[in-house]
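J.:
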Amino acid sequence: MAVRRFRVNGPNIVNEIIDGEAVIVNLEKGSYYSLAGAGADIWSALKDGASEREIVESLLERYSGERSNIESSVVDLISQLEKEGVIVQETQESEDCRAVHPGSLSAEKPAFECPALHKYTDMEAILMLDPIHVVDETGWPSAKRPG
Amino acid sequence: MKQAGLVQSARAEIAAPYSYFDEVFEAFLKAAVSAGGAVDRFFSIGGHTIRISFAGSALISKLTRALAHLSSEPSPFPVFSIFVWDSSSTGIALPEPPGDAQKFLERREICGVHGDRICAAFEFAERMRLSILHRDKHVAVHWVPDSTSVPFYESAAPFLTILHWWMRDHGQQLAHAAAVGTASGGILLGGKGGSGKSTTTLACLASGLRCVGDDYVLLGASDPSPARTVYNTAKLEGHHLLRALPALLPAVSNPDEMEREKAILFLHEHFPEALIQGFPIKAIVLPRVSGSTASRLTEVSPAFGLAAIAPSSMFQLRWSGQEDFSKIASVVRQVPNYVLELGTELEEIPELIFGLLARSS
Numbered sequence: 010m011a012v013r014r015f016r017v018n019g020p021n022i023v024n025e026i027i028d029g030e031a032v033i034v035n036l037e038k039g040s041y042y043s044l045a046g047a048g049a050d051i052w053s054a055l056k057d058g059a060s061e062r063e064i065v066e067s068l069l070e071r072y073s074g075e076r077s078n079i080e081s082s083v084v085d086l087i088s089q090l091e092k093e094g095v096i097v098q099e100t101q102e103s104e105d106c107r108a109v110h111p112g113s114l115s116a117e118k119p120a121f122e123c124p125a126l127h128k129y130t131d132m133e134a135i136l137m138l139d140p141i142h143v144v145d146e147t148g149w150p151s152a153k154r155p156g
Numbered sequence: 117m118k119q120a121g122l123v124q125s126a127r128a129e130i131a132a133p134y135s136y137f138d139e140v141f142e143a144f145l146k147a148a149v150s151a152g153g154a155v156d157r158f159f160s161i162g163g164h165t166i167r168i169s170f171a172g173s174a175l176i177s178k179l180t181r182a183l184a185h186l187s188s189e190p191s192p193f194p195v196f197s198i199f200v201w202d203s204s205s206t207g208i209a210l211p212e213p214p215g216d217a218q219k220f221l222e223r224r225e226i227c228g229v230h231g232d233r234i235c236a237a238f239e240f241a242e243r244m245r246l247s248i249l250h251r252d253k254h255v256a257v258h259w260v261p262d263s264t265s266v267p268f269y270e271s272a273a274p275f276l277t278i279l280h281w282w283m284r285d286h287g288q289q290l291a292h293a294a295a296v297g298t299a300s301g302g303i304l305l306g307g308k309g310g311s312g313k314s315t316t317t318l319a320c321l322a323s324g325l326r327c328v329g330d331d332y333v334l335l336g337a338s339d340p341s342p343a344r345t346v347y348n349t350a351k352l353e354g355h356h357l358l359r360a361l362p363a364l365l366p367a368v369s370n371p372d373e374m375e376r377e378k379a380i381l382f383l384h385e386h387f388p389e390a391l392i393q394g395f396p397i398k399a400i401v402l403p404r405v406s407g408s409t410a411s412r413l414t415e416v417s418p419a420f421g422l423a424a425i426a427p428s429s430m431f432q433l434r435w436s437g438q439e440d441f442s443k444i445a446s447v448v449r450q451v452p453n454y455v456l457e458l459g460t461e462l463e464e465i466p467e468l469i470f471g472l473l474a475r476s477s
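These protein sequence lines map, in sequence, to chains F and A. Just so we're aligned, residue 10 is where the first sequence starts under this note's numbering, counting upward by one. Just so we're aligned, residue 117 is where the second sequence starts under this note's numbering, counting upward by one.
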């Protein structure tokens, strides 16, 4: 598995993990996302700079499940987050060296469930009320009109 | 020589935001002279005495009705001053921003001006307007092109961007939310426009529950976090007001415009006893119009509450970022979160909220 690491894609992406769920907002596009369960664990590890391999290992410590299933789930979620512009890959690759804290471990591990990235776009209209401006022929900014 | 040129260029770049602020402030002074003098109004917002100084009187009524419940005695030492002018009534134009300010950052801040110490943003919607804040001097300037065409949403929430910037520096976070309750505690009502915040707030007006705000409130940093009042405005789609709360029609400030803009009620003018300065937040409630007759509350996760309150706040407030998101999250973490499925029997709503507050105390 690749030693790719990622980072949150700039100050326009804000996030919080609250009561085991991650809420992520893209301030530029007006969309926001939620991740629960293992998805929030993956998000937390990505933010901390863990590689895909480190994330898989930490999930195997925390959840019961097939390695192959966990690996493909991690890759899929990372791919979705990249596609949404929420994370970007670090340009410099490095060896695995960061320990990912698996959180509280119980004697009986819960079953791993494929994480689902929930996307919400109902706020995009708010940004459209204050449309991206253009500089008009007078040199001053003006609202870009649709069409 | 080349290095000297670079240093000079870097100095000019650093000085540009301050120079532009000074130019804009000079323009306000000229506008005040042109209008026959500055007219000061004082307000106690979030516990701070703030002076709003207008060049002439053309904008005063349009930009102070929403703050009238916070009107205070003149103070020789306001902690913050906002200077306001328009070009149409004073004849004084807005100075052109520095060269590269013709470009803008993604969220309308003025590139080349907006930075650590100077906050500056053009906002558009129907009309362009400028907000600029000098964070060290605690002075802001607000400019609009035309005093005769101030849009309804600016009258309903004047100086929103400037207050967001300045209050954030002073430990208080503006949030797009309503709040109703009593002096001992109340609820924060969150959600995007049309979710039922205003319906819930207005349905409580005659119930003994009092209103901190309908559209924006200030959140404090303590635990329990207080909600504090900023504007006394309530905004509601006109057709919805006529259908669900027709008794409030005489209080609408823009009855002739309700087909093309939201109905605006300045609660201070009609229901002053229904307003309250603030209270500790006991719960977060997210209204949803259900279509059924009865209303009911269902507890939801804090993440659900955060997703309902924070994005709508942050998309409407300039220069929001991780710090704002974390502040709102810290409030959401403190209290239980509920969805309020809003039924058509609106008189049930205050009872539900009283019951929730009794359980939360």
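Beta carbons: idealized from backbone N, C-alpha and C, even for Gly. Quick caveat, the model's predicted, so the values are computed rather than measured.
1. Using the beta-carbon of each residue, which ones in chain F are nearer than 8 Å to residue 422 of chain A?
2. Nearest-angstrom Cα distance between residue 326 of chain A and residue 448 of chain A?
3. From what residue to what residue does the beta strand (DSSP E) around residue 351 of chain A run?
4. Suppose you measure from the CA of residue 217 of chain A to the CA of residue 134 of chain A; what does that come to, to the nearest Å?
5. Compute the distance between the beta-carbons of residue 258 of chain A and residue 247 of chain A, then report whether it is under 9 Å.
6. Quick one: which residues of the segment 432-453 of chain A get their C-beta closer than 7 Å to a C-beta of chain F? List them in chain order.
7. Give a yes or no on whether 9 Å exceeds the smallest Cβ distance from residue 378 of chain A to chain F.
8. What does the alpha-carbon distance come out to for the pair residue 385 of chain A and residue 31 of chain F?
9. Alpha carbon to alpha carbon, how far is residue 68 of chain F from residue 432 of chain A?
10. Note down, in chain order, every chain A residue with its Cβ under 8 Å from the Cβ of residue 85 of chain F.
11. Can the beta-carbon of residue 304 of chain A be found closer than 9 Å to that of residue 319 of chain A?
12. Could you pull the start and end residues of the alpha helix (DSSP H) that residue 78 of chain F belongs to?
13. If we define contact as Cβ-Cβ less than 9 Å, is residue 143 of chain A a contact residue for chain F?
14. Any contact of the segment 17-24 of chain F with the segment 410-419 of chain A, i.e. 3+ C-beta pairs under 8 Å?
15. Thinking C-beta only, is residue 197 of chain A closer than 9 Å to residue 143 of chain A?
16. Could you work out which residues of chain A lie near residue 119 of chain F, taking near to mean beta carbons separated by less than 9 Å?
17. Near residue 379 of chain A, what residues of its chain come up, given a Cβ to Cβ distance below 6 Å and the 5 sequence neighbours on each side ignored?
18. For residue 71 of chain F, is the classification buried or exposed, using 16 other Cβ atoms within 10 angstroms of its Cβ as the cut-off for buried?
19. Can you give the beta carbon distance from residue 481 of chain A to residue 194 of chain A, rounded, assuming they're within the 8 Å contact cut?
20. From this set, F:37, F:13, F:43, F:12, which residue's C-alpha is nearest residue 27 of chain F's C-alpha?
21. Please state whether DSSP places residue 217 of chain A in a helix, a strand or coil.
22. Report all residues from its chain with a CB closer than 8 Å to the CB of residue 373 of chain A; omit the five preceding and five following residues, and keep chain order.
23. Please list the residues of the segment 296-315 of chain A that have a C-beta atom closer than 7 Å to any C-beta atom in chain F, keeping them in chain order.
24. State the DSSP-derived secondary structure class of residue 275 of chain A, mapped to helix, strand or coil.
25. Just to make sure I have the definition right: I need the residues of chain B whose C-beta is within less than 9 Å of the C-beta of residue 20 of chain F. Which are they?
26. Could you confirm whether any beta carbon from chain A is found closer than 9 Å to the beta carbon of residue 53 of chain F?
27. Who are residue 98 of chain F's beta bridge partners in DSSP?
28. By the three-class DSSP mapping on this structure, what secondary structure does residue 268 of chain A have?
29. For residue 165 of chain A, write down the residues that DSSP places opposite it in a beta bridge.
30. Output the boundary residues of the beta strand (DSSP E) element that contains residue 261 of chain A.
31. Which word fits residue 78 of chain F, buried or exposed, when buried means at least 16 other C-beta atoms lie within 10 angstroms of its C-beta?
32. Tell whether a beta-carbon distance below 9 Å holds between residue 171 of chain A and residue 184 of chain A.
33. What residue from A:339, A:388, A:376, A:453 has the CA that sits closest to residue 349 of chain A's CA?
34. By how many angstroms is the C-alpha of residue 186 of chain A removed from the C-alpha of residue 465 of chain A?
35. Hey, does residue 417 of chain A have any beta-carbon neighbour from chain F nearer than 9 Å?
T.: If we stick to the structure as given:
1. Going along chain F in sequence order, the residues near residue 422 of chain A (Cβ under 8 Å) are 25, 27, 32.
2. Going from the Cα of residue 326 of chain A to the Cα of residue 448 of chain A covers about 21 Å.
3. Counted as a single uninterrupted DSSP element, the beta strand (DSSP E) harbouring residue 351 of chain A occupies residues 349-352.
4. Confidence at residue 217 of chain A is low in this model, with a pLDDT of 49, below 50, so the placement of that residue should be treated as unreliable; the coordinate-derived value is given next. Whole-angstrom Cα-Cα distance: 13 Å.
5. Contact: yes.
6. Residues of the segment 432-453 of chain A whose Cβ lies closer than 7 Å to any Cβ of chain F, in chain order: 432, 436, 437, 438, 441, 442, 445, 448, 449.
7. Between residue 378 of chain A and chain F, the shortest Cβ-Cβ separation is not below 9 Å.
8. The straight-line gap from Cα to Cα measures roughly 43 Å.
9. Approximately 37 Å, taken between the alpha carbons.
10. By Cβ distance, chain A contributes nothing, its closest Cβ being about 21 Å from residue 85 of chain F, past 8 Å.
11. It is not a contact, given that the beta carbons lie outside the stated cut-off.
12. It spans 76-92 - the alpha helix (DSSP H) in which residue 78 of chain F sits, taken as one unbroken run.
13. No, because no Cβ of chain F sits closer than 9 Å to the Cβ of residue 143 of chain A.
14. Segments in contact, no.
15. Their beta carbons are not under 9 Å apart, which means residue 143 of chain A does not touch residue 197 of chain A by this criterion.
16. Simply none; closest approach about 17 Å.
17. The answer, listed in chain order, is 352, 354, 357, 368.
18. Its Cβ being crowded by 16 or more others within 10 Å, residue 71 of chain F is buried.
19. The displayed coordinates of chain A run from 117 to 477. Any statement about residue 481 of chain A would go beyond what the structure contains.
20. Checking every option, the nearest Cα to that of residue 27 of chain F belongs to F:43.
21. For residue 217 of chain A, the pLDDT reaches just 49, beneath the cut-off of 50, and the residue's location in the model is therefore unreliable, although a value from the coordinates is still provided. When secondary structure is reduced to three states using DSSP, residue 217 of chain A falls in the helix class.
22. Within the same chain, residue 373 of chain A has close Cβ partners 268.
23. From the segment 296-315 of chain A, only 308 have a Cβ closer than 7 Å to chain F.
24. Reduced to three states, the DSSP call for residue 275 of chain A is coil.
25. Of the protein chains in this structure, namely F and A, none is chain B.
26. It does not; no Cβ of chain A falls within 9 Å.
27. Per DSSP, the beta bridge partners of residue 98 of chain F are F:15.
28. Under the three-state reduction of DSSP output, residue 268 of chain A falls in the helix class.
29. BP columns for residue 165 of chain A point to A:160.
30. Per DSSP, residue 261 of chain A belongs to no beta strand (DSSP E) and is neither H nor E.
31. Exposed is the call here.
32. Result no, Cβ atoms of residue 171 of chain A and residue 184 of chain A do not sit closer than 9 Å.
33. Minimum Cα distance to residue 349 of chain A is reached at A:388.
34. Cα to Cα, residue 465 of chain A sits roughly 28 Å from residue 186 of chain A.
35. Judged by the 9 Å Cβ criterion, residue 417 of chain A is in contact with chain F.
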